[in-house]
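In what follows, a single structure is set out as structure tokens and then discussed.
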Amino acid sequence: MNLVIAPTPLSANDYKSDYKPVWCPGCGDYSVLLAFTKAMAQLQRPPEEIAVVSGIGCSSRIPAYTNCYGFHGVHGRALPVGTGLKVARPELTVIVAGGDGDGFSIGGNHFLHACRRNIDLTYIVMDNRVYGMTKGQPSPTTEPDWDSALAPGGTGLRPFHPLVIALASGANFVARGFSGDPNGCADLIVQAVKHPGFSFVEILSPCVTFRPDQREWGKMVHSASVNPTDDPARAARRIMTDDGFNIGVLYAGCRAPYQPQKAASASMAAIEAEFAI
Amino acid sequence: MTQAGPAIQSLSFAVVGSGGAGVMTSGHMLLDAAARAGLYGVMSRSSGPQIRGGEAAALLRLSPAAVESHGDRFDVLLAVDWQNAHRFAAEIPIDAHSLVICDPGEGAVPEVFAGSGARIVAIPLKAIAKKIPGGRPNMVALGALGAFAGLEADALTRAVESTLQKGGDALKASLTAMHAGLAAVAETGLSLPRLAPARENGCWAISGNEAAGLGALRGGIRFVAAYPITPATEILEWLSSALPRVGGTLVQAEDELASINMAIGASFGGVPSLTATSGPGLALMTEAIGLAVAAEIPLVVVDVMRSGPSTGIPTKSEQSDLNIAVYGLHGDAPHIVIAPNSVADCLLATQWAVHLAETLQVPALVLPDQSMGQSRVLLDRPADIEFPTRRFVADTDPQNYRRYALTPSGISPMAVPGTRGGVYTADGLEHNERGTPSSQAADHLAQLDKRGRKLDQADYSRHWAEIEGEGDVAVVTWGSCTAPVREAIHRARSEGFDVRLVSIRLLAPAQSARLAEALSGVKRILVIEQTHSGQFYRYLRSAYDLPCEMRVFHRSGPLPMRPGEIHSKIVKELAA
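Below, the structure is given as structure tokens:
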């Protein structure tokens, strides 16, 4: 009788590094890190074939806390770095991660064009509606009446609605999660990675230090009551009219991802021939 | 050191006309015909600010020897019409020995040109063209220009055929019009000194921007991120079609912030990467270039300089991005800055930049300017150059892998994603040898030293500068000033006054010992550059300990440096 020894499956712990996060106790991002490692274990992708790319901010510190290749770049430019990496190395699994300030304020233009370009990567935004690393300033998703030293009495500005923008700009997969439910978030991340094209997962991830009011989010979130749609108009109506705490996959489209072909067909001599007279 | 040859024998032609008159087509065909006739040459273009339909000028200089820049004057100014032609007066110096060829039906010669005392030659371009079904005045002009350039009808015919490959009635009409232009000049009985063809074999016609693209490809660039900007766009457009043919990819980005970061992402992935831009784009990219320094990501950025600051004069040249290229990064951020010294050198300079960026795991900036990028030259096929080293990549399952290990050379093996056992996080945060963020003084110092050491210990070979001549006075210059300086020095030498030429290709890191050696025995130097504030002069004063007496000639763009004005400075500042 032949004994076949199956390779030991990778566990969530195999995707976690031993660096201690800089995050505050109680930060939602710990649970997002846990959800990420659980999701990767479900996918069973070798850690070295995954790259986690980020910009600047509390949540953008996540790459070094994983056991995958990581890139922690400058503020707001995580999506372009991830785009270049994925186009150059399409066989890698590329996860771009960060916060609401990094993604929707300084990086807002890249968010629009990454949705539009629809490259096969997953973008996870840990949304806490505040700049935490700089100690409590309003972000694009902050409520208009939230009081802070930089905007006493509130900004008075209408919050940015990332899910609607993503849908309108052409993202191929749109989901919302809550960090208090790491297993649910892990499931969303698995679906996002498996779905072709640009997948956007917004995870409500409380900042207990500067937004202690967000401790109430656990009571406010609820599962999406209907199945995901592939009709962008239906998805848009649903996202625009829900209460902002609707958790689940909200849109799963069928646009073909963008991936330039790169089969070599000519020698340098053939290319240089065009200059000869 | 190489000795320079005799002064340049050449003929210069300017062709002006309003938009749609086809002066650029005439200019390109004349250059093409000169190539077929065994001559060398350069063609630049100048145009008004309009996107389409503005006045345009094609500026050509033909010579039996390789020629890179324009002379002091034009032998022939041909106007298809005079609409707004006065705007080019400063760019087209003519004198009593010049010929102005114009259509009497287009009105009087503008005073800015007529006042030169040049001989006016009336050729009714429109009337001649009108007699030929489908004939166009610019093809009559081509024949007239070809006649004064001493080109045979055969070379002109082949040039027209290679441009109008579809053939048919358009080709037939163009050839007939071109011959009519030749005949019209024959009737005048006028001619110019004949340029003796020096070349039997074919040659290349290539612009500086194409040469930079080719240098990138030869160097191994396989990913390009592109955001259009004048005058760099042609690099990106050329690579857009060439790159996929060698298995590379180009992505058009949403802005320069994206393009530089895309290139960084692709290079992190192990693929040699480049982007090209001009001053305003470079300003947006500087933060990410600093990231590439800190995270040690190989990267090439070509900045085709234009007149600044701000939007400046987008279509015209200047060398005023030197400061931002050398000093523009925040923090102590050693990086490479390379300047091509000619249109043709855009190829070598870019290829060398790729080699240094990849070998040293550092960003390399390449600084051509508009006058190089958008000029087309005829030259012998540039030699293939193989550089001996490339990126030092970590093997699979490295022992105790430390991405930023403190090696004697400062270069540490870079694990490419996909490599088992090499997992690390590239970071703009200061870090320790493993890449773990660290704010400790010892780690900061060790990594600063490492990043500096890489560049200090690198072998920059003979490419760091071009050095010619033996005199005890020298001109120190860079970039597109080199060609007119070289010509001015030839002139001085033919007058019995030997001047050394040092044209620096490697602007950063500064090569103090090498420059000192290149200037050994030199008593006085004249620094020549095209900036308003003397950026290169100040750079030399700050980066080099130069014991000799220094003089400087600097002026702003966009008018090209002329050999004559440089010659008079050499005589004034160095011969005294």
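Keeping their order, the protein sequence lines are chains A and B.
Quick note on the numbering used here: the first sequence kicks off at 12 and runs consecutively.
Quick note on the numbering used here: the second sequence kicks off at 12 and runs consecutively.
Think of the CB as a built atom: it goes at the ideal place given N, C-alpha and C, for glycine as much as any other residue.
Source: prediction; values computed, not measured.
Residue i - containing alpha helix (DSSP H), residue span
{"i": "Y80 of chain A", "result": "It is not in any alpha helix (DSSP H) - Y80 of chain A instead sits in the beta strand (DSSP E) that spans 80–83."}
{"i": "T199 of chain B", "result": "179–199"}
{"i": "A247 of chain A", "result": "243–252"}
{"i": "C113 of chain B", "result": "Note, C113 of chain B: premise wrong, no alpha helix (DSSP H); beta strand (DSSP E) at 110–113."}
{"i": "T174 of chain B", "result": "164–174"}
{"i": "E584 of chain B", "result": "574–585"}
{"i": "N149 of chain B", "result": "148–159"}
{"i": "Y262 of chain A", "result": "Taken as a continuous stretch (DSSP letters only), Y262 of chain A belongs to no alpha helix (DSSP H), being part of the beta strand (DSSP E) at 257–263."}
Span of the beta strand (DSSP E), counted from its first residue to its last, around residue i
{"i": "T133 of chain A", "result": "133–138"}
{"i": "R314 of chain B", "result": "Looking at the sequence shown, residue 314 of chain B is not Arg but Asp. That run of the beta strand (DSSP E) goes 310–314."}
{"i": "S57 of chain B", "result": "51–58"}
{"i": "A274 of chain A", "result": "It is not in any beta strand (DSSP E) - A274 of chain A carries neither H nor E in the DSSP assignment."}
{"i": "E211 of chain B", "result": "No beta strand (DSSP E) contains E211 of chain B, which DSSP labels as neither H nor E."}
{"i": "R72 of chain B", "result": "67–74"}
{"i": "A92 of chain A", "result": "Checking the sequence, you will find Val at residue 92 of chain A rather than Ala. Premise fails: V92 of chain A lies in the alpha helix (DSSP H), 89–99, not in any beta strand (DSSP E)."}
{"i": "N314 of chain A", "result": "With chain A running from 12 to 288 in the structure shown, residue 314 of chain A is simply not present."}
Best match in the options for proximity to residue i [C-alpha to C-alpha]
{"i": "A503 of chain B", "options": "B:G575, B:Y435, B:D92", "result": "B:G575"}
{"i": "V185 of chain A", "options": "A:P193, A:M144, A:V201", "result": "A:V201"}
{"i": "N220 of chain B", "options": "B:W249, B:R210, B:F99, B:V513", "result": "B:W249"}
{"i": "Y76 of chain A", "options": "A:A162, A:A182, A:K27", "result": "A:K27"}
{"i": "H39 of chain B", "options": "B:S29, B:R562, B:R56, B:A96", "result": "B:R56"}
{"i": "F122 of chain A", "options": "A:A50, A:A177, A:C35", "result": "A:A177"}
{"i": "Y338 of chain B", "options": "B:Q546, B:P569, B:T36, B:D106", "result": "B:Q546"}
{"i": "I324 of chain B", "options": "B:V27, B:A140, B:S58", "result": "B:S58"}
{"i": "K461 of chain B", "options": "B:K580, B:H346, B:H366", "result": "B:H346"}
{"i": "D83 of chain B", "options": "B:G65, B:Q94, B:F99, B:I103", "result": "B:I103"}
{"i": "A181 of chain B", "options": "B:R210, B:P60, B:G146", "result": "B:G146"}
{"i": "V262 of chain B", "options": "A:S210, A:S71, A:V92", "result": "A:V92"}
{"i": "N139 of chain A", "options": "A:V98, A:C265, A:V43, A:R128", "result": "A:V43"}
{"i": "E66 of chain B", "options": "B:G28, B:H190, B:V311, B:R535", "result": "B:G28"}
{"i": "I131 of chain B", "options": "B:P309, B:A368, B:D106", "result": "B:D106"}
{"i": "P520 of chain B", "options": "B:V427, B:Y471, B:V434, B:V120", "result": "B:Y471"}
{"i": "L41 of chain B", "options": "B:I308, B:A152, B:H442", "result": "B:A152"}
{"i": "D224 of chain A", "options": "A:A52, A:R127, A:D158, A:I258", "result": "A:D158"}
{"i": "F508 of chain B", "options": "B:K583, B:H442, B:L551, B:S252", "result": "B:K583"}
{"i": "G114 of chain A", "options": "A:L96, A:N24, A:S65", "result": "A:S65"}
{"i": "V348 of chain B", "options": "B:P75, B:D266, B:A476, B:V282", "result": "B:A476"}
Close Cβ partners of residue i (< 7 angstroms) along its chain, the five nearest in sequence each way excluded
{"i": "A344 of chain B", "result": "G301, V304"}
{"i": "L73 of chain B", "result": "S21, L22, A45, L50, G52, A160, L206"}
{"i": "G463 of chain B", "result": "P345"}
{"i": "R573 of chain B", "result": "D83, P495"}
{"i": "L261 of chain A", "result": "L174, V185, A186, R187, A235, P239, A246, R249, I250"}
{"i": "D156 of chain A", "result": "G165"}
Own chain, CB closer than 6 angstroms to residue i, minus 5 neighbours either side, in chain order
{"i": "T370 of chain B", "result": "T400"}
{"i": "P419 of chain B", "result": "none"}
{"i": "F24 of chain B", "result": "L71, V87, L156"}
{"i": "I217 of chain B", "result": "none"}
{"i": "I61 of chain A", "result": "C79, T104"}
{"i": "A197 of chain A", "result": "A46, K49, A50"}
Own chain residues within Cβ distance below 8 angstroms of residue i, not counting five before or after
{"i": "R431 of chain B", "result": "T407, D408"}
{"i": "P207 of chain A", "result": "D131, N183, A267, P268"}
{"i": "A275 of chain A", "result": "none"}
{"i": "A320 of chain B", "result": "It should be noted that the sequence gives Pro, not Ala, for residue 320 of chain B. Cβ neighbours of P320 of chain B beyond the five flanking positions: G290, S331."}
| Secondary structure, alpha helix (DSSP H): runs of 4+ residues fully inside the stretch 219–267 of chain B | Runs of alpha helix (DSSP H) with 4 or more residues, each lying fully within the stretch 219–267 of chain B, are found at 219–230, 244–253, listed in chain order.
| message | Just to confirm the assignment: which complete alpha helix (DSSP H) runs, minimum length 4, are found wholly within the stretch 112–183 of chain A? | response | Listed in chain order, they are 119–128, 173–180.
| field | Whole runs of the alpha helix (DSSP H) within the stretch 275–319 of chain B, excluding any shorter than 4 residues | value | Counting only runs of 4 or more, we get 290–306.
| said: Extract the residue ranges of the beta strand (DSSP E) inside the stretch 397–462 of chain B, only unbroken runs of 3 or more that lie entirely within it. | reply: List check, beta strand (DSSP E) in window: 436–438.
| query | Which runs of the beta strand (DSSP E), 3 residues or longer, sit entirely within the stretch 477–501 of chain B? | reply | Entirely contained in the stretch 477–501 of chain B, the beta strand (DSSP E) runs reaching 3 residues are, in chain order, 484–488.
| query | Enumerated in chain order, which unbroken segments of the beta strand (DSSP E) with a length of 3 residues or greater are wholly contained in the stretch 498–562 of chain B? | reply | Counting only runs of 3 or more, we get 511–515, 517–519, 535–540.
| query | Does the stretch 405–423 of chain B come close enough to the stretch 442–452 of chain B that 3 or more CB-CB pairs lie under 8 angstroms? | reply | Result yes; three or more Cβ-Cβ pairs closer than 8 angstroms.
| said: If contact is defined by three or more beta carbon pairs under 8 angstroms, each pair taking one atom from either stretch, is the stretch 273–283 of chain A in contact with the stretch 133–141 of chain B? | reply: With a cut-off of 8 angstroms, the stretch 273–283 of chain A and the stretch 133–141 of chain B do not count as touching, because too few Cβ pairs lie within range.
| Would you say the stretch 190–198 of chain B touches the stretch 326–334 of chain B, given that touching needs at least three Cβ pairs under 8 angstroms? | Segments in contact, no.
| Mind pulling the beta strand (DSSP E) runs of 3 or more residues that sit fully within the stretch 80–109 of chain B? | As summarised for the stretch 80–109 of chain B, the continuous beta strand (DSSP E) elements at least 3 residues long and confined to that stretch are 87–90, given in chain order.
| said: Pairs of beta-carbons, one from the stretch 87–100 of chain B and one from the stretch 111–118 of chain B, closer than 8 angstroms: are there three or more? | reply: The stretch 87–100 of chain B makes contact with the stretch 111–118 of chain B; the number of CB pairs closer than 8 angstroms reaches 3 or more.
| request: Please determine if the stretch 52–66 of chain A and the stretch 230–246 of chain A are in contact, where contact requires at least 3 C-beta pairs separated by less than 8 angstroms. | output: Result no; under three Cβ-Cβ pairs closer than 8 angstroms.
| Can at least three beta-carbon pairs, one atom from the stretch 381–389 of chain B and one from the stretch 260–278 of chain B, be found at a separation below 8 angstroms? | Contact check between the stretch 381–389 of chain B and the stretch 260–278 of chain B: fewer than three CB pairs, one atom from each, fall below 8 angstroms, which does not count as touching.
| Okay, do the stretch 530–543 of chain B and the stretch 557–567 of chain B touch, 3+ Cβ pairs below 8 angstroms being the bar? | With a cut-off of 8 angstroms, the stretch 557–567 of chain B and the stretch 530–543 of chain B count as touching, because enough Cβ pairs lie within range.
| query | What are the start and end residues of each continuous beta strand (DSSP E) run of 3 or more residues lying completely inside the stretch 327–380 of chain B, in chain order? | reply | Correct list: 347–349, 374–377.
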